[in-house]
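Asks: Below you will find the structure I want to go over with you.
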DNA sequence: CCCCGTCTTTAATCTGTATTGAAGCGGCGG
DNA sequence: CCGCCGCTTCAATACAGATTAAAGACGGGG
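Protein chains in written order, with my numbering: chain A, 1 to 245; chain B, 246 to 490.
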């Protein structure tokens, strides 16, 4: 159970102190790790709803296609994330899941959640809160997609990624690795790969960021945050109402 | 408690059979109705997080502004809806709330939810499911905003409204009242009021819908659904895993 | 019944992003 | 070390939707 520290535990510990009992419960979710190579289709929309996943390693994304081939990436998943929460309400999966690099996932059945929900009210409250927080994040993204220019979208995108990575990795600086290619970023932001290239170049020329291979450095994070009116929804949640731990 | 039937109860009854105990619990949420006139600002983003609301009557919307005045409407609320769920996770309200016509709301404190969560597992599961379902709806909307044309956006918009209205009103046909003006629709779909006008006209010329004042009739609903690859997320949820009632 | 304000429609022009295609670049396998 | 392939960059053109302005339509209040 101990050995390597779990990203899921790190992720959740950011918000509340976990009891040993909580850690044991979470460990049941990470019992059966499985590797997938890069660019692998892990499940498809319409599949009869089966497992959720804890991400142990690597980046993935959830996406949907339109009948004519247009694609929208709706969520990017990092180590420590739980994949598939929204689908709990539906009878079928609503999105496709694909790895961008070699990944390690721990599939677990819906029913494992029930155990958590009945035996740890505090952990339940946290998981509910995370689901609701994600909804706020989607709402922020909607604002980005509905009303912001390409420049602003890309800026918001990198700020959001950095904010998320900082939750599971406390000593993250202003530099991070971005393993997505520009077509994938385009499919996430509702733009084209060509325009993503042009926009990154412009951000670089303006001195807002620098690039070295997959490494991105935000050299003027505060300015970027102001530019896109960025709110960090990850750093802090309201846990005051949680049942006592 | 009986008297006029509650829209909230109607809304939830669509998914599960409510016990008398459940109905009593829900009635506590609707204890203190309050009227607001049209175009009223009911709360603002950044407010210290206080009440949620049950909508008894009238349409409202939640929105956010960008610093330079651009606006994004993120959710349209109808009778029977609960407003404010996602904010439970945050310390402050994340959106503004405004009525589009005279409305009746029932404010209730977060703590009222706790009572429900501790005393009716079945009702808790339903409310969680609705929150997660809404997340799926946001994801669908993201796809619309990221990858669809104005034509497709407007089509999806009216289909979505109709699907939602049918939950609380079983004998809704293919006609409904749309009290939003075109600027508001534009702020919802990330377009301009002028282009909304042009697009509605085109849909009308193509025979997809007809308008009479605020009344909208979808004359070729199936074609529209195909056009935008529409999925009704409201009609059916997976309640199979709910604790027995 | 008419005025006035709000909303919708029409029209002309402008712009940001899409599209297409071709030219760099870099890493990996052979 | 070469050659291929995927990704990024650059350039030319196209177009959907924005912008601005002005002219209808509509409805409520005096």
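Glycine included, each C-beta is placed from N, C-alpha and C at the ideal position. Computed from a predicted structure; not experimentally measured.
1) With C-beta atoms as the reference, is residue 297 of chain B less than 8 Å away from residue 321 of chain B?
2) In chain B, which residues lie with their C-beta within 8 Å of the C-beta of residue 150 of chain A?
3) Specify the secondary structure class of residue 11 of chain A as computed by DSSP and reduced to three states.
4) Does any CB atom of chain A fall closer than 8 Å to the CB of residue 384 of chain B?
5) Short check: CB of residue 191 of chain A to CB of residue 150 of chain A, under 8 Å?
6) Excluding the 5 residues flanking residue 319 of chain B on each side, which residues of the same chain have their C-beta closer than 7 Å to its C-beta?
7) Taking only three categories from DSSP, how would you classify residue 81 of chain A?
8) In chain B, which residues lie with their C-beta within 8 Å of the C-beta of residue 145 of chain A?
9) For the segment 87–108 of chain A, which residues have a CB atom closer than 8 Å to at least one CB atom of chain B, in sequence order?
10) Within the chosen definition, does the segment 361–381 of chain B reach the segment 253–271 of chain B through at least 3 CB pairs nearer than 8 Å?
11) Output the distance between the C-alpha atoms of residue 164 of chain A and residue 234 of chain A, rounded to the nearest integer angstrom.
12) Using 8 Å as the cut-off, can you tell me whether the segment 101–116 of chain A makes contact with the segment 349–356 of chain B, which would need three or more C-beta pairs spanning the two stretches below that distance?
13) DSSP three-state call for residue 286 of chain B: helix, strand or coil?
14) Output, in sequence order along the chain, the residues in the segment 454–481 of chain B whose CB is closer than 9 Å to any CB in chain A.
15) Which one of A:196, A:214 and A:225 has the shortest CA to CA distance from residue 208 of chain A?
16) Once the 5 residues before and after residue 187 of chain A are set aside, which same chain residues still bring their CB inside 8 Å of it?
17) What does residue 283 of chain B touch in chain A if you count any residue whose Cβ is under 7 Å from its own?
18) Flag residue 405 of chain B as yes if its beta-carbon sits less than 8 Å from any beta-carbon of chain A, otherwise no.
19) Taking 8 Å as the threshold (C-beta atoms), are residue 110 of chain A and residue 486 of chain B in contact?
20) Exposed or buried, residue 459 of chain B, counting other C-beta atoms within 10 Å across all chains shown (16 or more means buried)?
21) Can you give me the start and stop residues for the beta strand (DSSP E) that residue 305 of chain B sits inside?
22) Give the secondary structure of residue 234 of chain A by DSSP, where H, G and I count as helix, E and B as strand, and everything else as coil.
23) Measuring straight from C-alpha to C-alpha, what distance separates residue 236 of chain A and residue 131 of chain A?
24) Excluding the 5 residues flanking residue 247 of chain B on each side, which residues of the same chain have their C-beta closer than 8 Å to its C-beta?
25) Could you work out which residue in B:361, B:441 and B:434 is closest to residue 267 of chain B when comparing CA atoms only?
26) So, are the CB atoms of residue 404 of chain B and residue 421 of chain B less than 8 Å apart?
27) Need the endpoints of the beta strand (DSSP E) that residue 56 of chain A sits in, please.
28) Quick one: list the residues of chain B neighbouring residue 114 of chain A, beta-carbon separation under 9 Å, in chain order.
29) Out of A:154, A:37, A:66 and A:68, point me to the one whose CA is closest to residue 197 of chain A's CA.
30) Out of B:331, B:444 and B:449, which has the shortest C-alpha to C-alpha gap to residue 464 of chain B?
31) With a threshold of 16 other CB atoms inside 10 Å of the CB of residue 301 of chain B, please say whether the residue is buried or exposed.
32) Compare the beta carbon distance of residue 145 of chain A and residue 434 of chain B with 8 Å and say whether it is the shorter of the two.
33) Could you pull out every residue in the same chain whose Cβ sits closer than 8 Å to the Cβ of residue 16 of chain A, ignoring the five residues on either side in sequence?
34) In the DSSP assignment, what are the bridge partners of residue 455 of chain B?
35) Is residue 381 of chain B closer than 8 Å to residue 90 of chain A when the C-beta atoms are compared?
36) Return the first residue and the last residue of the alpha helix (DSSP H) that residue 199 of chain A is part of.
Replies: Working from what's here:
1) no
2) Result: empty, since nearest Cβ-Cβ is about 12 Å, beyond 8 Å.
3) helix
4) yes
5) yes
6) 307, 308, 309 and 340
7) coil
8) 387, 390, 391 and 435
9) 87, 88, 89, 90, 91, 94 and 95
10) yes
11) 6 Å
12) no
13) strand
14) 471, 473, 474, 476, 478 and 481
15) A:225
16) 63, 71, 72 and 73
17) The contacting residues do not exist; residue 283 of chain B stays about 24 Å from chain A at best.
18) no
19) yes
20) exposed
21) 305–310
22) coil
23) 14 Å
24) Bear in mind that the predicted position of residue 247 of chain B carries a pLDDT of just 47, short of 50, making it too unreliable to give a figure here.
25) B:361
26) no
27) 51–57
28) 486 and 488
29) A:154
30) B:449
31) buried
32) no
33) 122, 126, 239, 242 and 245
34) B:462
35) yes
36) 193–205
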